[in-house]
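To start, the structure itself, in structure tokens.
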Amino acid sequence: MGNLALELKEKEKQFTDPVKRLIKKHLLESRLSGMDLSDSGYKHFQSIMLKLDQHRGNYKAKLMEVTSRFSLDLQFNDVRNFPRELLKLLASDPSNASKGPWTLTLDPHIYHNFLKYCDNRLSRWNAYYAYNVRASSVSGQEMNNSIEIEEIRYQRL
């Protein structure tokens, strides 16, 4: 811990409770960001944080790629009870949303509303399954996030 942090710790009794909580919070944040480590320890901490950022970025990129690849063509029976706004999101021509064709994507605002309004159990299951196996071994080896998850877990230990 730095000299300023030690001084604050020593003078803690003279502060009010809210100020004490604030000081405690900031001391914890500085400790968690590696401020109390030696130079070599801080360099090691920084290298771990860089690896974590890289793996998190890879994870998000794969997830976004697989999400953007999915589409499911819907039939009138799938969308007959949908609100007009949702039909506009699904329609290839939003100005003529009631005519179709309609395409489901896994964008969260579309996917969640689809599950909410779709009466077709099989279509709901297909969408649910596709959403929940994104970037898994089902998506193929190049888009599989299992290794990224294990690397993130390993780096966090």
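Residue numbers for the sequence shown follow the working numbering, so the first one is 78 and each next one is one higher.
Where a beta carbon is used, it is the ideal one built from N, C-alpha and C, also for glycine.
| query | result |
| --- | --- |
| Check whether the stretch 104-118 touches the stretch 152-165, counting contact only when three or more Cβ pairs, one atom from each stretch, lie closer than 8 Å. | no |
| Counting only the same chain and skipping the five closest in sequence on each side, list residues whose C-beta sits under 6 Å from that of A212. | K139, L140, V143, M220, N222 |
| So which of V210, L127, R198, P95 has the shortest CA-CA distance to R233? | L127 |
| Run through DSSP, which three-state label would D94 get? | helix |
| Pick helix, strand or coil for D155, following the three-state DSSP scheme. | helix |
| Can we count Q123 as close to the ligand NAP, meaning its CB is less than 7 Å from some heavy atom? | As presented, the structure is devoid of all ligands, the ligand NAP included, so that no description of it is given. |
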